[in-house]
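Remarks on the structure that follows.
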Amino acid sequence: MTLSPTACRRCRQQKRKCTRELPSCRRCQEFAANCDYPSPPDRRLLAVQRWARRANRNQGTQIPVSTPAWPFDTGLALLQSYFSQFVTSGFFFNQEDFFSNYLAGNIPKSLLRSLCAFSSSIFTPRANARSNLESHSRSWLVTPDLEVNHGRDDFGTGQLKAVEALLTSFHLSLYWYAQDSAFQHSIQWILQRQAEGDALSPQTALSVFGVYWSIRCIIQEPGTVDSRVVVELPDLPAFATVREISHSIQAGRRPHSENVDEDLRVVSRLLAFMGRWFRVREFITALRMADDPVSMLSELTRLDMQTTACYQSFKADWDFWRMSSPKSARKYFISEILYHQCRAVSHLHMYLESQQRDGADHEFIQLTGSIAFRQMLLLTEAVNRLLVMTPREQACSIPPVVGYSTFLAASLQLAALVHLRDHEVQRPLSNGDGLENALRACVLANLSVLSHMKCSWAPLQTLWDKLLPLVYQASLIVPEVEFFACQPHPIPLLHETTAMELQNYVTGHLSPIMTIVDIAEPFYLPDSRYDSSARSTDLCPPRELPPAAPYESPSAPCTGGTSATNELYEVIPEMHDHLNHLGLNFF
1 MTLSPTACRR
11 CRQQKRKCTR
21 ELPSCRRCQE
31 FAANCDYPSP
41 PDRRLLAVQR
51 WARRANRNQG
61 TQIPVSTPAW
71 PFDTGLALLQ
81 SYFSQFVTSG
91 FFFNQEDFFS
101 NYLAGNIPKS
111 LLRSLCAFSS
121 SIFTPRANAR
131 SNLESHSRSW
141 LVTPDLEVNH
151 GRDDFGTGQL
161 KAVEALLTSF
171 HLSLYWYAQD
181 SAFQHSIQWI
191 LQRQAEGDAL
201 SPQTALSVFG
211 VYWSIRCIIQ
221 EPGTVDSRVV
231 VELPDLPAFA
241 TVREISHSIQ
251 AGRRPHSENV
261 DEDLRVVSRL
271 LAFMGRWFRV
281 REFITALRMA
291 DDPVSMLSEL
301 TRLDMQTTAC
311 YQSFKADWDF
321 WRMSSPKSAR
331 KYFISEILYH
341 QCRAVSHLHM
351 YLESQQRDGA
361 DHEFIQLTGS
371 IAFRQMLLLT
381 EAVNRLLVMT
391 PREQACSIPP
401 VVGYSTFLAA
411 SLQLAALVHL
421 RDHEVQRPLS
431 NGDGLENALR
441 ACVLANLSVL
451 SHMKCSWAPL
461 QTLWDKLLPL
471 VYQASLIVPE
481 VEFFACQPHP
491 IPLLHETTAM
501 ELQNYVTGHL
511 SPIMTIVDIA
521 EPFYLPDSRY
531 DSSARSTDLC
541 PPRELPPAAP
551 YESPSAPCTG
561 GTSATNELYE
571 VIPEMHDHLN
581 HLGLNFF
């Protein structure tokens, strides 16, 4: 006798027990009724439904659970911290549109988790590690399985678009590198991805270490980072070379191992000066908190001696860039720029803080101003060499730290050029034309780098807003800068005699020169923030500036309409270059 898997329709409607015989059950035969059985269910559909119900259960208790509500106020505070303190947020998002979408609930949850976790780990003080903000970030992201599930939900269902997925991955990378065990997590991940047990190359290990080191030294605020900057490496043979390099650069010296080839030595030189830049940022923070800047002269001297000793330890690598690949040569000159930036910025801030507190008459303070300008000239020489060997289409490979240093150099040199022209009108100098041409060449070299970097760095519009009044006073126009950027430049840019004469002139007139320029620091320190609502399409200077017209500030960045995230969908192939520009793939 054949039985049906289900009861017949008549028995089901009358809620009677069905014998399920085919073609007619016993009860329908007794009443001479039409016996009809429903179609059998789709077993594949039932299996999918069972799998979906199982995925929504807690695997430990098998009790159905619901997704916890998003902590709206906490998330809003973390997002505000992200936009106010993370320098490249304006490149990724339009702040006004982003918060509008956040209030409307239109931001993907995985993207929100990555942004909030990164914000809490970077901008929440270590003393508040168990605060509400930190606890939320850890509950979202610290458990790897949890984040894998979140990523599978968003990526697998197609709810996360390509650019949003890339931004999520980018900020998750920053989050993991901000944690104390980030380097170990990254190494374990790389070791698991190695095919058939292949050994980890020193280049790969140093690349992972370099990303972690650059984020700690350049992006994070000094107050949120352990001042010792101690990095523990896994006890594996593949990290023997990287371990020696890390110990050397943390001590501010050149690695001496024979196993360190020239390419690794160039990268270690760059990492060493990143560490010195972190010490400079610590010094500037302490200088601004000091009651008397002159009391910090001994600390400045010690910092300058350590930076110079680090530079001297790498002196033997000076001729290597001539024989190396263009990529290694660019890294070499970026490290050269970092060295001069470390010395110039520390001395310049000492002079500025003393000038603001009526202590600039001290002879050692005058010496710091002279050293700062001299280092700016040497920095410009390194910038010019970098400009010569960097094709315009590869300008995004220049990291933002170079843009900041060229902004400082251009500001100081433009102010000196304006003061020199006014001085020439009142009292002509015997070598005035030579000094003016030298300053003009230096200014054009620095502005050319900023012109290369336009549309690639969020604070760039703010820097151009500060520079354009001085550009107008110096009778320069932006097309002239772009023409200079396309032409071959002499090396060296300045002769030693002209550089010394220029340094002597600026040192004797540094106080009035510094009244012309307003040097702020929108990139690293929190007391002067850039307009984070700037959009990537607005980050370029005006195409021309009429020489006879009074200066007018460029139009304000547009804050309405489509989010800047949507604008990036058209430039997905260029996103790798932009992330490279941020320093994450620079190694």
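Here the UniProt record's numbering is used: the first residue of the sequence shown is 1, the next is one more, and so on.
A virtual CB, placed ideally from N, CA and C, is assigned to each residue, including glycine.
Bear in mind that the values here come from a model prediction, so they are computed numbers and not experimental data.
**OP:** Name, in chain order, the residues that DSSP records as bridge partners for residue 3.
**Re:** Looking at the DSSP output, residue 3 shares a beta bridge with 21.
Original post:
How many Å lie between residue 341 and residue 79 at the Cα?
Top reply: 32 Å
**OP:** Select from 384, 357 and 468 the residue whose C-alpha is nearest the C-alpha of residue 295.
**Re:** 357
Original post:
Would you say residue 627 and residue 506 are within 9 Å of each other, going by their C-beta atoms?
Top reply: The structure shown has nothing for residue 627, since the chain only spans 1 to 587.
Original post:
Applying the criterion that 16 or more other CB atoms from any shown protein chain within 10 Å of the CB defines a buried residue, is residue 309 buried or exposed?
Top reply: Residue 309 comes out exposed.
Original post:
Are there 16 or more other CB atoms within 10 angstroms of the CB of residue 315, so buried, or fewer, so exposed?
Top reply: exposed
**OP:** Answer with buried or exposed for residue 307, where buried requires no fewer than 16 other C-beta atoms within 10 angstroms of its C-beta.
**Re:** buried
Original post:
Among residues of its own chain, excluding the 5 on either side of residue 15, which ones have a beta-carbon nearer than 7 Å to its beta-carbon?
Top reply: none
Original post:
If residue 264 sits next to residue 206, beta carbons under 8 Å apart, how far is it from one beta carbon to the other, in whole angstroms?
Top reply: 6 Å
Original post:
Since residue 516 is in the alpha helix (DSSP H), which residue starts that stretch and which ends it?
Top reply: 510–516
Subject >> Where the alpha helix (DSSP H) containing residue 382 begins and where it ends >> reply: 363–389
**OP:** Could you name the residues of the same chain whose beta carbon sits closer than 8 Å to that of residue 277, not counting the 5 residues immediately before and after it, in chain order?
**Re:** Answer for residue 277: 217, 218, 338, 341, 342 and 401, listed in chain order.
Subject >> Three-way DSSP call (helix, strand, coil) for residue 476 in this model >> reply: In the structure shown, residue 476 sits in coil (DSSP, three-state: anything other than H, G, I, E or B).
Original post:
In its own chain, which residues sit with a C-beta less than 6 Å from the C-beta of residue 474, not counting the 5 before and 5 after it?
Top reply: These residues qualify, in order along the chain: 414, 417 and 418.
Original post:
If you follow the alpha helix (DSSP H) that residue 292 is part of, which residue opens it and which one closes it?
Top reply: Residue 292: not part of any alpha helix (DSSP H); DSSP gives it neither H nor E.
Original post:
Applying the criterion that 16 or more other CB atoms from any shown protein chain within 10 Å of the CB defines a buried residue, is residue 293 buried or exposed?
Top reply: buried
Original post:
Relative to the alpha-carbon of residue 313, which residue among 465, 269 and 21 has its alpha-carbon at the smallest distance?
Top reply: 269
Original post:
Can residue 408 and residue 376 be called in contact, C-beta distance under 9 Å?
Top reply: yes
Original post:
Is the Cβ-Cβ distance between residue 443 and residue 420 less than 9 Å?
Top reply: no
**OP:** Might you give, ordered along the chain, the residues of its own chain that have their beta carbon closer than 6 Å to the beta carbon of residue 589, omitting 5 neighbours on each side?
**Re:** Because the chain spans 1 through 587 in this model, residue 589 falls outside it and cannot be assessed.
**OP:** Over the uninterrupted alpha helix (DSSP H) stretch that includes residue 334, give me the two end residues.
**Re:** 326–356
**OP:** Have a look at residue 33 and residue 26 and give me their C-alpha separation to the nearest angstrom.
**Re:** 10 Å
Subject >> Proximal residues to residue 467 (C-beta, below 8 Å), its chain only, five neighbours per side dropped >> reply: 407, 410, 411, 414, 447 and 450
Subject >> Integer Cβ distance of residue 242 from residue 345, believed to fall under 8 Å >> reply: The pair is not a contact, with the Cβ atoms about 29 Å apart (cut-off 8 Å).
Original post:
Do residue 494 and residue 502 have their C-beta atoms closer together than 9 Å?
Top reply: yes
**OP:** May I ask which residues mark the beginning and end of the alpha helix (DSSP H) holding residue 495?
**Re:** Residue 495 -> no alpha helix (DSSP H), and no H or E assigned at all.
Original post:
Do you know how far the Cα of residue 463 is from the Cα of residue 518?
Top reply: 11 Å
**OP:** Could you tell me the distance, in whole angstroms, from the CA atom of residue 380 to the CA atom of residue 445?
**Re:** So the two alpha carbons sit approximately 7 Å from each other.
**OP:** Please classify residue 403: is it buried, with 16 or more other beta-carbons within 10 angstroms of its beta-carbon, or exposed?
**Re:** Answer is buried; the Cβ neighbour count reaches 16.
**OP:** Consult DSSP for residue 109 and reduce its assignment to one of helix, strand or coil.
**Re:** helix
**OP:** Using beta-carbon positions only, say whether residue 75 and residue 116 come within less than 9 Å of one another.
**Re:** yes
Original post:
Using the rule of at least 16 other Cβ atoms within 10 Å of the residue's Cβ for burial, across every protein chain shown, is residue 438 buried or exposed?
Top reply: buried
**OP:** Assign residue 452 to one of two classes, buried (16 or more other C-beta atoms within 10 Å of its C-beta) or exposed (fewer than that).
**Re:** buried
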